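Asker: In my numbering, each number is its position in the sequence shown, counted from 1, plus 10.
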Amino acid sequence: MKRAGIYIHIPFCRARCSYCDFATGTYESALADAYVRALVAEISSFGGAEECAEADTIYFGGGTPSLLTPEQIAHILGAVSRRFRMTPRAEVTMEMNPGTVTPEALRGFREAGVNRASFGAQTFDDGELKRLGRTHTAHDTRRTLSLLRDAGFDNISFDLIAGLPDQTLEGWSRNLDEALALRPEHLSLYLLEVHEGTPLAAQIREGRYTAPDADLAAEMYILLAERTRDVGYEQYEISNFCLPGRESRHNMKYWTGEPYFGFGCSAHSFDGRTLRWSNERDARRYVEMLETRGDALVERTELDEREASAEALFLGLRLLGRGVNLSEHRARFRLDVREEYAADLSRFTDAGLIEFDGDILRLTPAGALLSNEVFSAFV
Ligand code: SF4
């Protein structure tokens, strides 16, 4: 029996960051109450994939889930554990932003069952934080980390963003010094993308900031990979680094094709085979849909065998050490990858982007940097 991961989207933030195009808006208490009611109703009435009724990870993403109260989080977790059989020692992650939590709230989240924090540090340069429209400072990040440790959190992940407007390699190197000195168990790297329609895109168009430079961002990526390796982190996924044994168990489900069920606005689900579905993106509309028709489904896609195989390949290749086991892949999808993609695989091998280790196909460090080029051969 496959164990599922549960994703819960909380679409509220204290203020909107200048680069953000996620499904999130400013926190309003009445909407948050209605949203939690809708979430609990959606989880309780979930009827998909009975054979995956056991779950071993829960992930509160957003948005800023830590803006909810511990009581609201406990209420949602109660609904999850009534609907799914949660395994002992399930991983329960909550995304948090620095400066949004008090010691009391953190104790409450832990008592409710949250045992991992994913923490939007982004950068330790206050000027860069301001440019991004973040509401916290580097001091808030250090203080929140110390509050998390005091509250008993021993599994903490930092998000960092590279390729910021006007960011230099020296500035990024100082950022890494700061982040690694705090010794989080896990680090996730994001390269800034400038989305049309965001304030940051307009500021760059007006010439207030320079657009991020792709080559410089690549140098930042390489520096992060080297520095984390030097101090004992493993780069287990293209953009994720951890101390031994501290991979994100929830995110591993996305890369290994295990089932996950998403609740809340804009949440996506996968049955672990070929079926994907997703919810309405807007929070108010999501609440209305739950109230009027009992679900918020807006899209449902059945992948054919070839699409499912391609997806398993490019998601699996993201796991750098583990790669894709081609015998297992052939048994599952009845497709011989070496034959099917012979010309592309030969080209990528010659260019040093991929390597074979017996039956394992994996990206090389150079391939990790140019992964989109490799993945595009499969889709
Ligand atoms: S905290 Fe995250 S989700 Fe919220 S506005 Fe900023 S980037 Fe978007």
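Heads up, the beta-carbon is just placed ideally off N, CA and C, and yes, glycines get one too. Quick caveat: nothing in here was measured; it's all calculated off a predicted structure.
From this set, ALA14, THR36, GLU236, SER55, which residue's C-alpha is nearest LEU77's C-alpha?
Answerer: For the residues ALA14, THR36, GLU236, SER55, the minimum Cα distance to LEU77 belongs to THR36.
Asker: Where does the unbroken beta strand (DSSP E) through ASN289 begin, and where does it stop?
Answerer: Taken as a continuous stretch (DSSP letters only), the beta strand (DSSP E) holding ASN289 covers 285–289.
Asker: From ALA169 to HIS196, what does the alpha carbon distance come to, in whole angstroms?
Answerer: It is worth fixing the name first, because residue 169 is Asp in this sequence and not Ala. About 9 angstroms.
Asker: For MET11, does the three-state DSSP call read helix, strand or coil?
Answerer: If DSSP states are grouped into helix, strand and coil, MET11 belongs with coil.
Asker: Taking the CB atoms as reference points, tell me whether LEU116 and LEU155 lie closer together than 7 angstroms.
Answerer: No, these two residues do not count as a Cβ contact at 7 angstroms.
Asker: Keeping to the same chain, check which residues put their C-beta closer than 8 angstroms to that of ASP223; ignore five residues upstream and five downstream.
Answerer: Excluding positions up to five away in sequence, the list reads GLY173.
Asker: When DSSP builds the beta bridges, which residues end up paired with ALA127?
Answerer: MET104, ILE166.
Asker: With a Cβ-Cβ cutoff of 7 angstroms, do THR23 and THR74 count as a contact?
Answerer: It should be pointed out that residue 23 corresponds to Cys in this sequence rather than to Thr. Their beta carbons are under 7 angstroms apart, which means CYS23 touches THR74 by this criterion.
Asker: DSSP beta-bridge partners for PHE358?
Answerer: Its beta-bridge partners do not exist; DSSP assigns none.
Asker: Just to confirm my understanding: we take SER128, look at its own chain, exclude 5 residues before and 5 after, and list those with CB closer than 6 angstroms. What are they?
Answerer: Closer than 6 angstroms at the Cβ level, and outside the excluded window around SER128, lie THR103, GLU105, SER167.
Asker: What's the gap between the Cα of ALA361 and the Cα of ALA212?
Answerer: If you take the alpha carbons of ALA361 and ALA212, they lie about 38 angstroms apart.
Asker: Under DSSP, the beta strand (DSSP E) around PHE251 begins and ends at which residues?
Answerer: First-last of the beta strand (DSSP E) with PHE251: 250–252.
Asker: Taking the alpha helix (DSSP H) that VAL297 falls in, what are its first and last residues?
Answerer: Looking at the DSSP string, the run of the alpha helix (DSSP H) that includes VAL297 is 293–303.
Asker: Which first and last residues belong to the beta strand (DSSP E) in which ALA116 is found?
Answerer: First, the amino acid is wrong: residue 116 is Leu here, not Ala. Element bounds for LEU116: not the beta strand (DSSP E) but the alpha helix (DSSP H), 113–122.
Asker: Any heavy atom of the ligand SAH closer than 6 angstroms to the beta-carbon of GLY173?
Answerer: This structure simply doesn't include the ligand SAH; it includes the ligand SF4 instead.
Asker: Rounded to the nearest angstrom, how far is the Cβ of TYR29 from that of THR208, given a contact under 8 angstroms?
Answerer: Correct: roughly 6 angstroms between the Cβ atoms.
Asker: Suppose the cutoff is 6 angstroms on Cβ atoms and the five residues either side in sequence are ignored; what does the same chain contact list for VAL46 look like?
Answerer: For VAL46, where only same-chain residues beyond five positions count, the Cβ hits under 6 angstroms are GLN82.
Asker: Can you have a look at VAL241 and say buried or exposed, based on whether 16 or more other CB atoms are within 10 angstroms of its CB?
Answerer: The residue in question, VAL241, is exposed, as its Cβ has fewer than 16 Cβ neighbours within 10 Å.
Asker: Does the distance between the C-beta of ARG26 and the nearest non-hydrogen atom of the ligand SF4 fall short of 6 angstroms?
Answerer: Yes, the ligand SF4 has a heavy atom inside 6 angstroms of this Cβ.
Asker: Should THR145 be listed as close to the ligand SF4, given that the test is whether its C-beta is under 6 angstroms from any heavy atom?
Answerer: Every heavy atom of the ligand SF4 is 6 angstroms or more from the Cβ of THR145, so no.
Asker: Leaving aside the five residues before and after ARG237 along the sequence, list all residues of the same chain whose C-beta is less than 7 angstroms from its C-beta, in chain order.
Answerer: Cβ within range, chain order: LEU186, LEU190.
Asker: According to the neighbour-count rule (16 or more other Cβ atoms, all chains shown, within 10 Å of its Cβ), is LEU179 buried or exposed?
Answerer: By the 10 Å Cβ count, LEU179 comes out exposed.
Asker: Using a Cβ-Cβ cut-off of 6 angstroms (strictly less than) and excluding sequence neighbours within five positions of ARG286, which residues of its own chain qualify?
Answerer: Once the five neighbours on either side are set aside, the close Cβ partners of ARG286 are PHE280, THR311.
Asker: Assess, as a yes-or-no matter, whether the segment 355–372 is touched by the segment 290–305 under the definition of 3 or more beta carbon pairs within less than 8 angstroms.
Answerer: The segment 290–305, when compared against the segment 355–372, does not touch it at the 8 angstroms Cβ threshold.
Asker: Taking the CB atoms as reference points, tell me whether HIS260 and THR67 lie closer together than 7 angstroms.
Answerer: Yes, the pair counts as a contact, with Cβ atoms nearer than the cut-off.
Asker: Drop a sphere of 10 angstroms on the beta-carbon of ALA352, count the other beta-carbons inside from all chains shown, and report buried for 16 or more, exposed for fewer.
Answerer: That one is exposed.
Asker: Which stretch, first to last residue, makes up the beta strand (DSSP E) that contains LEU202?
Answerer: From DSSP, LEU202 is part of no beta strand (DSSP E); its letter is neither H nor E.
Asker: Kindly indicate the opening and closing residues of the alpha helix (DSSP H) around GLN213.
Answerer: GLN213 -> alpha helix (DSSP H) spans 209–215.
Asker: At a cut-off of 6 angstroms, is PHE32 close to the ligand SF4 when judged by its beta-carbon and the heavy atoms of the ligand?
Answerer: Because some heavy atom of the ligand SF4 lies under 6 angstroms away, the Cβ of PHE32 counts as near it: yes.
Asker: Would a C-beta distance cut-off of 7 angstroms place ASP176 and TYR219 closer than the cut-off?
Answerer: Against a cut-off of 7 angstroms, the Cβ pair of TYR219 and ASP176 comes out as a contact.
Asker: With a 10 Å radius around its C-beta and 16 neighbouring C-beta atoms as the bar for buried, classify ARG144 as buried or exposed.
Answerer: Counting Cβ neighbours within 10 Å, ARG144 comes out buried, since at least 16 surround it.
Asker: For LYS263, count the other beta carbons within 10 Å of its own beta carbon; 16 or more makes it buried, fewer makes it exposed. Which is it?
Answerer: So LYS263 counts as buried.
Asker: Leaving out the 5 sequence neighbours to the left and right, which residues in its chain are closer than 7 angstroms to THR110 when beta-carbon positions are compared?
Answerer: If we look at THR110 and ignore the five residues flanking it on each side, its Cβ neighbours are ARG24, THR74, SER76, LEU77.
Asker: For GLU112, count neighbouring C-beta atoms within 10 Å of its own C-beta (all shown protein chains included) and say buried if the count is 16 or more, exposed if not.
Answerer: A quick correction: the sequence has Thr, not Glu, at residue 112. Answer is exposed; the Cβ neighbour count stays below 16.
Asker: Measuring CA to CA, which of ALA14, ILE20, MET11 is closest to ALA277?
Answerer: Taking only the C-alpha atoms, the option nearest ALA277 is ILE20.
Asker: Can you tell me where the beta strand (DSSP E) with PHE273 in it begins and where it stops?
Answerer: First-last of the beta strand (DSSP E) with PHE273: 270–273.
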